[in-house]
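Report on the structure given below.
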Amino acid sequence: MGGVGRVSTARASETRAAWLFISPWVLGFLVFTLYPLIYTGYLSLTDYDVINDPSFVGLDNYHQLVQDPKVRLALTNTFIFAVLSVPTQLVLSFLLALLLNRAGRASGFFRTAFFLPKMTPAVAIGVLLLLLFNGQNGLVNTFLGWFGINGPAWTTDPNWIKPGLVMMSLWTVGASVVILLAALRSVPQELYDASRIDGAGFWRQTRHITIPMVSSAIFFIVIIDTIAAFQSFTEAYTAYFGSGNSTYSNDAALFYAIYLFQQAFRFLHMGYASAMSMLLFVIIMAVTAIQIRVSRGSVYYESEQA
Numbered sequence: 001m002g003g004v005g006r007v008s009t010a011r012a013s014e015t016r017a018a019w020l021f022i023s024p025w026v027l028g029f030l031v032f033t034l035y036p037l038i039y040t041g042y043l044s045l046t047d048y049d050v051i052n053d054p055s056f057v058g059l060d061n062y063h064q065l066v067q068d069p070k071v072r073l074a075l076t077n078t079f080i081f082a083v084l085s086v087p088t089q090l091v092l093s094f095l096l097a098l099l100l101n102r103a104g105r106a107s108g109f110f111r112t113a114f115f116l117p118k119m120t121p122a123v124a125i126g127v128l129l130l131l132l133f134n135g136q137n138g139l140v141n142t143f144l145g146w147f148g149i150n151g152p153a154w155t156t157d158p159n160w161i162k163p164g165l166v167m168m169s170l171w172t173v174g175a176s177v178v179i180l181l182a183a184l185r186s187v188p189q190e191l192y193d194a195s196r197i198d199g200a201g202f203w204r205q206t207r208h209i210t211i212p213m214v215s216s217a218i219f220f221i222v223i224i225d226t227i228a229a230f231q232s233f234t235e236a237y238t239a240y241f242g243s244g245n246s247t248y249s250n251d252a253a254l255f256y257a258i259y260l261f262q263q264a265f266r267f268l269h270m271g272y273a274s275a276m277s278m279l280l281f282v283i284i285m286a287v288t289a290i291q292i293r294v295s296r297g298s299v300y301y302e303s304e305q306a
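Numbered according to the numbering used here, the sequence shown spans residues 1 to 306.
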């Protein structure tokens, strides 16, 4: 019995130590995540303009969401951007990771070079977008002109604004490249050696070995990039709305987070903006749940194979 008591005491001590170590995270989650989420839910049921006290209005803000055409426009733009940007970023980052994986000792330098643009402030990327994709004298159209191609009006034509933003989002794929490269380095070399004996070439190895073995990293990147796409704000706002120049204020660039920001800090409709925040939270949760559901059985986890 004495031994059992000592084991129980040791386990209790370990439990207290564990809670002590994770307490900073728990405290941060309660203060900076859970409480703001609950308070936002409360504000979404009120009419609040920051100056005066919140006034309870029930579900009026949510009824207004359903009827607001700008909300539908912003959601449509955001969904289109997410559908275009997430696969594009994933494919490019995977191809770059494959190249780096075959670069040998030079991969360290290129890994750093690919990651450095990720450190660029988002506001600077928005300004850079206008410089690169200016329809008159931007560097992209200048480059296309060398081959006799008349480039489109990236920043003013509604049909090209979102493709331009998608292309600009590729500036920050470095983080995904680093994650995928680490996953590629963990694939057992024995699998490639056995496949070569069976006559498998590079593309068959990539399809049947590489992609399945790094599918967990791919799935993680898809989740993170999807969430980031739904929250996309700074680059588009800086390029098309932040200057105050109506020339660049095109509805094709009105993302959901931008419209939410305008309602909250331009019109001081904090209650309505809170309702928009809760809607975005529900949409992201629903999309993430669908992605998790769809990925079942197709994502490889090494721990589950042990």
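Backbone N, C-alpha and C define an ideal beta-carbon position, used for all residues, glycine too.
Would you say residue i and residue j are within 7 Å of each other, going by their C-beta atoms?
i, j, result
"Leu-254", "Ala-74", "yes"
"Gly-271", "Thr-46", "yes"
"Phe-233", "Val-299", "no"
"Phe-354", "Ala-82", "Lying before the first or after the last residue shown, residue 354 is absent from the chain, which here runs from 1 to 306."
"Ala-264", "Ala-273", "yes"
"Leu-100", "Phe-115", "no"
"Val-178", "Thr-88", "no"
"Val-50", "Leu-268", "yes"
"Gln-205", "Ser-216", "no"
"Pro-117", "Trp-171", "yes"
"Gly-126", "Ala-17", "no"
"Ala-122", "Glu-14", "no"
Which one or two residues does DSSP pair with residue i in a beta bridge?
i, result
"Phe-56", "Thr-46"
Please list, in chain order, all residues of the same chain as residue i whose beta carbon is under 8 Å from its beta carbon, the five residues on each side excluded.
i, result
"Asn-134", "Asn-141, Trp-154, Thr-155"
"Met-278", "Thr-40, Gly-41, Ser-44"
"Leu-139", "Leu-131, Leu-132"
"Ile-211", "Ile-218"
"Arg-296", "none"
Check the C-beta distance from residue i over to residue j and give it rounded, since I have them as a contact under 8 Å.
i, j, result
"Val-187", "Ile-209", "7 Å"
"Ser-169", "Ser-85", "5 Å"
"Val-214", "Leu-191", "Wrong, their Cβ atoms sit about 12 Å apart, outside the cutoff."
"Leu-96", "Val-222", "Their Cβ separation, rounded to whole angstroms, is 16 Å, which puts Leu-96 and Val-222 out of contact at 8 Å."
"Asn-250", "Ile-149", "Actually they do not touch by this definition, with Cβ atoms about 23 Å apart."
"Ile-227", "Ile-284", "6 Å"
"Gly-164", "Leu-129", "7 Å"
"Tyr-301", "Thr-78", "Wrong, their Cβ atoms sit about 31 Å apart, outside the cutoff."
Report all residues from its chain with a CB closer than 7 Å to the CB of residue i; omit the five preceding and five following residues, and keep chain order.
i, result
"Ala-275", "Ser-44, Asn-61, Tyr-62, Leu-65"
"Ala-103", "Phe-110"
"Ala-183", "Val-214, Ala-217"
Cutting at 6 Å between CB atoms, please list the residues of its own chain near residue i, excluding the five before and the five after it.
i, result
"Asp-225", "Val-86, Gln-89"
May I ask you to check if the CB of residue i is nearer than 6 Å to at least one heavy atom of the ligand PLP?
i, result
"Gly-138", "Within the structure as shown, the ligand PLP is missing, as the structure has no ligands at all."
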